[in-house]
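*Asks:* Under this note's numbering, the residue at position 140 of the sequence shown is numbered 170, and the numbers go up by one with no gaps.
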Amino acid sequence: MQQSNEIEFKSLLTVHEYKKLMEKLKSKHMDLQTNHYFDTARFSLKALDASLHVRERDTFELKLKKKKGYTMQEYTLPIDEEVFKSIKETGVIPEGEIKNELLPIIGEQKLNNFLSFTTQRMISHYKNGVILLDKNEYLGITDYELQYESRNYQEGKQEFIQLINEFQIQYKKSEKKVKRAFNAYKQSH
Numbered sequence: 031m032q033q034s035n036e037i038e039f040k041s042l043l044t045v046h047e048y049k050k051l052m053e054k055l056k057s058k059h060m061d062l063q064t065n066h067y068f069d070t071a072r073f074s075l076k077a078l079d080a081s082l083h084v085r086e087r088d089t090f091e092l093k094l095k096k097k098k099g100y101t102m103q104e105y106t107l108p109i110d111e112e113v114f115k116s117i118k119e120t121g122v123i124p125e126g127e128i129k130n131e132l133l134p135i136i137g138e139q140k141l142n143n144f145l146s147f148t149t150q151r152m153i154s155h156y157k158n159g160v161i162l163l164d165k166n167e168y169l170g171i172t173d174y175e176l177q178y179e180s181r182n183y184q185e186g187k188q189e190f191i192q193l194i195n196e197f198q199i200q201y202k203k204s205e206k207k208v209k210r211a212f213n214a215y216k217q218s219h
């Protein structure tokens, strides 16, 4: 299992801003992934600003994200398709560190796959960080997002401001993907 901390800065984009960035950055590194989000019936993870999902590409990863200060603690466990199917069917994740991190939050509650979220991502390097340019589709909605990941909060914040100024992006506060999707889910149910 892998554990890491992320420092990221985000802005929602208009479709025009997204297309402009795609054209200017012209990165060859593209990624398509679907994140299958899980929570309890009472949304115990969401209540604590945590999220659990299985990231599906050519491979599968179980990911738990928990907020700690300015960073997100991220736990990642490679799994196979059979384990993914088992989690969806039983609501139980495999024994290990992620389960140990979840137990204080959810106890014995079962997990439900309440929605899946597909992201087409372009990845590009910028200064000392990484630009992630996303087109997201969930529950019939398409949105666009700019993320900037850095190893240092102050340096990353300054570089993110330079980035949006350089590309003339109007900053629009961006909630986490799972939160936007959850809000759309609530409105549809």
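All C-beta atoms in this analysis are idealised placements derived from N, C-alpha and C, irrespective of residue type, glycine included.
Computed from a predicted model, the values in this text were never measured in an experiment.
Distance, Cα to Cα, residue 41 vs residue 215?
*Replies:* Taking the first residue of the sequence shown as position 1, residue 41 is located at position 11. Taking the first residue of the sequence shown as position 1, residue 215 is located at position 185. Near 21 Å, if we compare the C-alpha coordinates of residue 215 and residue 41.
*Asks:* Could you give the C-beta distance for residue 135 and residue 74, rounded to a whole number, given that I count them as a contact under 8 Å?
*Replies:* For the purposes of this step, residue 135 is identified with residue 105 of the sequence shown, where counting begins at 1. For the purposes of this step, residue 74 is identified with residue 44 of the sequence shown, where counting begins at 1. So it is a contact: roughly 6 Å between Cβ atoms.
*Asks:* Under DSSP, the beta strand (DSSP E) around residue 131 begins and ends at which residues?
*Replies:* Numbered from 1 along the sequence shown, position 101 holds the residue referred to as residue 131. First-last for residue 131: 127-136, but that is the alpha helix (DSSP H), not the beta strand (DSSP E).
*Asks:* Classify residue 208: buried if its beta carbon has 16 or more other beta carbons within 10 angstroms, exposed otherwise.
*Replies:* Locating residue 208 in the sequence shown gives position 178, where the first residue counts as 1. Result: buried.
*Asks:* On the premise that residue 90 lies in contact with residue 114, defined as a C-beta separation below 8 Å, what is that separation, rounded to the nearest angstrom?
*Replies:* In the sequence shown, residue 114 corresponds to position 84, counting from 1. In the sequence shown, residue 90 corresponds to position 60, counting from 1. That belief holds up - the Cβ atoms of residue 114 and residue 90 are roughly 5 Å apart, short of 8 Å.
*Asks:* Between which two residues does the alpha helix (DSSP H) containing residue 81 stretch?
*Replies:* Position 51 of the sequence shown, counted from the first residue, corresponds to residue 81. Premise fails: residue 81 lies in the beta strand (DSSP E), 80-86, not in any alpha helix (DSSP H).
*Asks:* Within the chosen definition, does the stretch 191-199 reach the stretch 66-73 through at least 3 CB pairs nearer than 8 Å?
*Replies:* They do not touch, by the three-pair rule.
*Asks:* Using only the alpha-carbon positions, how far apart do residue 124 and residue 132 sit?
*Replies:* Locating residue 124 in the sequence shown gives position 94, where the first residue counts as 1. Locating residue 132 in the sequence shown gives position 102, where the first residue counts as 1. C-alpha separation (whole angstroms): 11 Å.
*Asks:* When the Cα atoms are used, what is the spatial distance from residue 55 to residue 166?
*Replies:* Here the question's residue 55 lines up with position 25 in the sequence shown. Here the question's residue 166 lines up with position 136 in the sequence shown. Answer to the nearest angstrom: the Cα atoms are 18 Å apart.
*Asks:* On the DSSP letters alone, give me the boundaries of the beta strand (DSSP E) that residue 105 sits inside.
*Replies:* For the purposes of this step, residue 105 is taken as residue 75 along the sequence shown, with counting starting at 1. Element bounds for residue 105: 101-109.
*Asks:* Restricting to Cα atoms, I'd like to know which of 140, 169 and 175 is closest to residue 152.
*Replies:* Translated into positions along the sequence shown, residue 152 becomes position 122. Nearest C-alpha to residue 152: 175.
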